[in-house]
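Numbering (the UniProt record's numbering), first residue to last: 1 to 170. Beneath this line is the structure, given in structure tokens, with notes to follow.
And the structure:
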């Protein structure tokens, strides 16, 4: 199927910017990229189709609804809690080269960790499978000796694409 790569960091660390830049560079190499974003906030996601047929389907009791038109697919569900593995399984029919996961810090796929300041360093003790770090400040030598470290996202993305980084999944 392809590879899975996670991008993690605290809020406002640049995760979405990194993912967007990674996608833009990937498509230059004709790679098909899918994304999964963890909504780690307490507020519920908004469904923009509540007044449309699919919204009516969910209100009537459908666990999941899908609408397709002209090659665009929108899948929505309410109160359906899927694991990350289950979400990845949904993507298998799309024949992707890479799935980029934004968030899900505690999952075990290879991670690009974005660090804003020294205050973010304790996160490194809480997560595993760190592939590389992107830090906008000088890291302690103990980290630079242990991890591949980048000071800018562009260099990191180039390296990731060259290395074909990520965990291969079937």
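Quick reminder that beta carbons are idealized off the backbone N, C-alpha and C, glycines included. These numbers were taken from a predicted model, which means no experiment stands behind them.
Buried or exposed, going by whether 16 or more other CB atoms sit within 10 Å of the CB of residue i?
{"i": "residue 20", "result": "exposed"}
{"i": "residue 64", "result": "exposed"}
{"i": "residue 103", "result": "buried"}
{"i": "residue 13", "result": "buried"}
{"i": "residue 6", "result": "buried"}
{"i": "residue 151", "result": "exposed"}
{"i": "residue 100", "result": "buried"}
{"i": "residue 29", "result": "exposed"}
{"i": "residue 17", "result": "exposed"}
{"i": "residue 160", "result": "buried"}
{"i": "residue 188", "result": "It is not possible to answer for residue 188, since the shown part of the chain is limited to 1 through 170."}
{"i": "residue 56", "result": "exposed"}
{"i": "residue 15", "result": "buried"}
Would you mind reading off the limits of the beta strand (DSSP E) that contains residue i?
{"i": "residue 171", "result": "Past the edges of the chain, shown from 1 to 170, lies residue 171, and the structure says nothing about it."}
{"i": "residue 34", "result": "33-37"}
{"i": "residue 6", "result": "2-8"}
{"i": "residue 168", "result": "167-169"}
{"i": "residue 66", "result": "64-69"}
Got a sec, what are the start and stop residues for the alpha helix (DSSP H) residue i sits in?
{"i": "residue 91", "result": "84-91"}
{"i": "residue 144", "result": "141-144"}
{"i": "residue 18", "result": "15-28"}
{"i": "residue 154", "result": "153-163"}
{"i": "residue 55", "result": "53-60"}
Would residue i pass as a contact of residue j if the rule is Cβ separation under 8 angstroms?
{"i": "residue 131", "j": "residue 111", "result": "yes"}
{"i": "residue 133", "j": "residue 115", "result": "yes"}
{"i": "residue 9", "j": "residue 96", "result": "no"}
{"i": "residue 54", "j": "residue 67", "result": "yes"}
{"i": "residue 143", "j": "residue 98", "result": "no"}
{"i": "residue 88", "j": "residue 4", "result": "yes"}
{"i": "residue 118", "j": "residue 94", "result": "no"}
{"i": "residue 58", "j": "residue 76", "result": "yes"}
{"i": "residue 157", "j": "residue 22", "result": "yes"}
Q | Meets three-Cβ-pair contact criterion under 8 angstroms: the segment 161-170 and the segment 107-127 | A | Touching, yes.
Q. Which parts of the segment 94-142 are runs of the beta strand (DSSP E), unbroken and 3 residues or longer, counting only runs that do not cross its ends?
A. Given a length threshold of 3 residues, each whole run of the beta strand (DSSP E) inside the segment 94-142 is given here in chain order: 98-102, 111-115 and 130-135.
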